[in-house]
Amino acid sequence: MQKIIPQDLTFFIEAKEIKPHLLSLDFARCSGMVPGDWELARQPIGTNNIAQLIFTNGIAITAEPQRIILAQPIRNVDRESILIPEIARKYTNVLSNMEFEAIRINLRSYVPFEEQDSARQYITQTLLSPGAWQSVGETPPHASVELVYNLQRAPFYLKITEAALQETEEKVTPIIIFNGSFSYQVDGESNTEKLAVVHSVINNWQSDLSDYQNIINNKFLAQVAQPELALPTNGYNPEANNLFAVSA
Numbered sequence: 476m477q478k479i480i481p482q483d484l485t486f487f488i489e490a491k492e493i494k495p496h497l498l499s500l501d502f503a504r505c506s507g508m509v510p511g512d513w514e515l516a517r518q519p520i521g522t523n524n525i526a527q528l529i530f531t532n533g534i535a536i537t538a539e540p541q542r543i544i545l546a547q548p549i550r551n552v553d554r555e556s557i558l559i560p561e562i563a564r565k566y567t568n569v570l571s572n573m574e575f576e577a578i579r580i581n582l583r584s585y586v587p588f589e590e591q592d593s594a595r596q597y598i599t600q601t602l603l604s605p606g607a608w609q610s611v612g613e614t615p616p617h618a619s620v621e622l623v624y625n626l627q628r629a630p631f632y633l634k635i636t637e638a639a640l641q642e643t644e645e646k647v648t649p650i651i652i653f654n655g656s657f658s659y660q661v662d663g664e665s666n667t668e669k670l671a672v673v674h675s676v677i678n679n680w681q682s683d684l685s686d687y688q689n690i691i692n693n694k695f696l697a698q699v700a701q702p703e704l705a706l707p708t709n710g711y712n713p714e715a716n717n718l719f720a721v722s723a
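FYI, our numbering numbers position 8 of the sequence shown as 483, with every residue one higher than the one before it.
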């Protein structure tokens, strides 16, 4: 059975009155959020409305007035080398007096297909029922599917989208993107209790990752015949804009 190719792991942490301009390279290093020898891949952004640090290892930290976004590419990365959860813990510790409201763990992966129409047909023929609705227009319709699962610990939102991977200038591989999100509300009587909830969710990220992979691999990809799939030989490069959605 073919499995999804992991792409990135992102934490969205919502809080009141975040001050984005406080996020800087010196702040990240001095607070212990990141090692002192990490280098930036591009010039940092620092304004009252947004601040962003993107490092040469692909890790990105973004601060906005209502949320913090921490992301890491995880293709070909073992779990011991996934660093963004620890960075999220350290960042929230620095902001321990903040009133946290919610935290979302987002996981994105994809599956490549050999034939040009196979990705589209996976959605329109496998996930959706064939019918007259597909005969409207001059070309076959493109579709995406959004699902919400009520799991025991949190709602799980899943969006399945047709897209394409630009491998080379000449070669474009059709793919399906599985964008999953575990959404947690942060409840507590005090900021200390809310911080503990945030840390509990962060500490549980591996369970979310395992559940995400099990749902996609066992409930969705088990319906796809192995010969339809093709694995690209090149790795995903977060600096290259080689992944794009297919518009209708």
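Think of the CB as a built atom: it goes at the ideal place given N, C-alpha and C, for glycine as much as any other residue.
In this text, all values refer to a predicted model and were calculated from it rather than measured experimentally.
Handout entry: Simplified DSSP state of Pro560, which is helix, strand or coil
Key = helix
Practice task
Could you tell me which residues DSSP puts in a beta bridge with Leu498?
Solution key: DSSP lists no partner for Leu498.
Exercise for the section: Kindly indicate which three-state DSSP category Asn581 falls into: helix, strand or coil? Expected result: Looking at Asn581 - three-state DSSP - the assignment turns out to be strand.
Problem - Counted within 10 angstroms of its Cβ, other Cβ atoms place Pro702 as buried (16 or more) or exposed - result: With a pLDDT of only 39 at Pro702, under the threshold of 50, the placement of this residue in the model should not be trusted, and no figure is reported.
Practice task
On a CA-only basis, which of Gln660, Arg517 and Pro615 is nearest Ser499? Give me that one, please.
Solution key: Arg517
Problem - For Thr531, the nearest candidate out of Arg504, Trp513, Glu576 and Glu642 (CA to CA) - result: Trp513
Problem - Through-space distance from Arg579 to Val676, alpha-carbon basis - result: 9 angstroms
Problem - Three-state class that DSSP yields for Thr601 in the structure shown - result: helix
Exercise for the section: Can you say whether Leu515 is buried or exposed, counting buried as having 16 or more other CB atoms within 10 angstroms of its CB? Expected result: exposed
Problem - Simplified DSSP assignment, three categories, for Ala516 - result: coil
Handout entry: Inter-stretch contact (C-beta, 8 angstroms, three-pair minimum) for the segment 543-554 and the segment 650-658
Key = no
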